[in-house]
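Following UniProt numbering, the numbering of the sequence shown begins with 3 at its first residue and continues without gaps.
No residue lacks a Cβ here, since even glycine has one placed at the ideal position from N, Cα and C.
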Amino acid sequence: KTRIIIDADTGIDDALAILYALRAPNVIVEGITTVFGNIAVEKAADNSLRLIELAKPGYEIPVAIGASKALVRESSGFATHVHGENGIGNVEIPASTQHPISETASEFIVRMANENPGEIVLVTLAHLTNLSMAIDMDPGIKNTLKKVVVMGGTIFNPGNRTPVAEANIAGDPEAADHVFTSGLPVMMVGLDVTLKTRITQEHIDLLNRFGREENKAIISFMEQSLTHYFNFYREVNFLINSAPLHDPLALMVALQPDLVTYKEMNVRVEHKGEFTSGMVVADLRAQPKVGKPIQVAVDVDVERAVGTFLSVFM
Ligand code: BDR
Ligand code: CA
Numbered sequence: 003k004t005r006i007i008i009d010a011d012t013g014i015d016d017a018l019a020i021l022y023a024l025r026a027p028n029v030i031v032e033g034i035t036t037v038f039g040n041i042a043v044e045k046a047a048d049n050s051l052r053l054i055e056l057a058k059p060g061y062e063i064p065v066a067i068g069a070s071k072a073l074v075r076e077s078s079g080f081a082t083h084v085h086g087e088n089g090i091g092n093v094e095i096p097a098s099t100q101h102p103i104s105e106t107a108s109e110f111i112v113r114m115a116n117e118n119p120g121e122i123v124l125v126t127l128a129h130l131t132n133l134s135m136a137i138d139m140d141p142g143i144k145n146t147l148k149k150v151v152v153m154g155g156t157i158f159n160p161g162n163r164t165p166v167a168e169a170n171i172a173g174d175p176e177a178a179d180h181v182f183t184s185g186l187p188v189m190m191v192g193l194d195v196t197l198k199t200r201i202t203q204e205h206i207d208l209l210n211r212f213g214r215e216e217n218k219a220i221i222s223f224m225e226q227s228l229t230h231y232f233n234f235y236r237e238v239n240f241l242i243n244s245a246p247l248h249d250p251l252a253l254m255v256a257l258q259p260d261l262v263t264y265k266e267m268n269v270r271v272e273h274k275g276e277f278t279s280g281m282v283v284a285d286l287r288a289q290p291k292v293g294k295p296i297q298v299a300v301d302v303d304v305e306r307a308v309g310t311f312l313s314v315f316m
């Protein structure tokens with residue numbers, strides 16, 4: 003089983019990724035850390051605790067609160083237009099009796115990496131602020147973390163926050179640049195693959211018909227929150243009753259890397275440009291001179307990825 007920590011700004015697709023991880027048989031969720039992004043960091047923690055209660059009632063999984071703002075720049079506000087006021091499509095799920103732990107997200111990541119060298123895979127589903135701070139706290143985590151799978155960025159597609167920048171990178175480009183050039187083994191799962199990997203109303207209909215009894219409450223939550231998500235993607239991307247599985251794909255790739263094909267690329271993250279801040283700049287020249295090498299997912303087996311997602315709820 004893969005031991006993971008999920009770093010999230012618990013919005014709709016983060017919630018789907020977390021629910022997937024909590025139900026999948028091949029993974030141990032060691033903890034969830036939260037960061038500002040889709041919503042405020044405390045609300046992201048509250049949502050994460052509620053999702054744990056929904057998927058694994060009575061289970062205690064550590065939830066640690068992290069950064070409430072970017073390393074240097076002012077926040078451009080939360081993405082409530084995408085994810086709803088409460089971050090999960092305004093769907094109400096019962097509060098948990100558990101509370102966040104007293105360690106910060108970065109402290110938790112550093113401690114877990116050092117106590118379990120070579121064991122922990124960190125899956126980041128939001129701004130890279132917590133991980134950037136963890137590297138500053140203890141640069142040695144580049145050797146003790148097994149790997150980092152990042153949902154974020156785009157190389158060949160347009161951005162979704164700006165013409166060239168994806169939201170998780172755009173909101174804290176200094177942090178992303180620090181992580182990508184840190185020497186940590188990073189796999190970037192960006193819009194180039196997540197935009198292709200879509201969940202549709204037909205998939206939800208399948209889950210309603212064939213989902214296992216013990217997953218009914220989860221499926222009902224997914225259906226309601228996805229209704230909100232589908233509306234956003236209809237307005238913005240002209241998708242009909244369908245939306246990309248951004249965060250769930252990154253989570254699945256952490257467990258099953260062969261869902262994607264990847265290329266090693268030298269990258270930097272632009273953080274000075276007026277129009278290009280948050281852009282992942284890949285040096286694709288025959289002899290790259292800029293940036294540090296990371297793995298970038300360039301293609302995905304869409305059918306297998308979506309099938310893998312649905313299968314844990316069936
Ligand atoms: C990413 O931005 C967030 O709004 C989503 O949760 C996802 O992590 C997609 O660009
Ligand atoms: Ca997210």
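Closest in C-alpha terms to residue 40, from the list 197, 11, 52, 280, comes 11. Residue 35: member of the beta strand (DSSP E) spanning 29–36, first to last residue. The three-state secondary structure of residue 268, taken from DSSP, is strand. Annotated three-state conformation of residue 304 is helix, per DSSP. In this structure, the C-beta of residue 140 stays at least 6 Å away from each heavy atom of ligand 1. In this structure, residue 246 lies away from residue 268, with their beta-carbon atoms at least 7 Å apart.
The continuous beta strand (DSSP E) containing residue 4 extends over residues 4–10. In the three-state DSSP reduction, residue 313 falls in the helix class (H, G or I). In the structure shown, the three-state DSSP call for residue 152 is strand. Residue 294 sits in a strand when the DSSP states are folded into three classes.
For residue 244, the CB contacts under 8 Å within the same chain, skipping 5 residues up- and downstream, are 200, 201, 202, 203, 232, 235 in chain order. DSSP places residue 113 in the helix class (H, G or I) of the three-state scheme.
When Cβ pairs closer than 8 Å are counted between the two stretches, the region 139–155 is seen to touch the region 164–183, the count reaching three or more. Along the length of the region 13–74, whole alpha helix (DSSP H) runs at least 4 residues long occupy 14–25, 43–57, reported in chain order. With distances taken between CA atoms, residue 29 lies nearest to 20 out of 109, 20, 172, 304. Looking at 310, 76, 161, the one whose alpha-carbon comes closest to that of residue 252 is 310. Counting only residues of its own chain and dropping the five nearest sequence neighbours on each side, residue 23 has a CB closer than 7 Å to the CB of 6, 8, 29, 31, 253.
Taking a C-beta distance under 7 Å as the contact criterion, residue 119 and residue 99 do not qualify as a contact pair.
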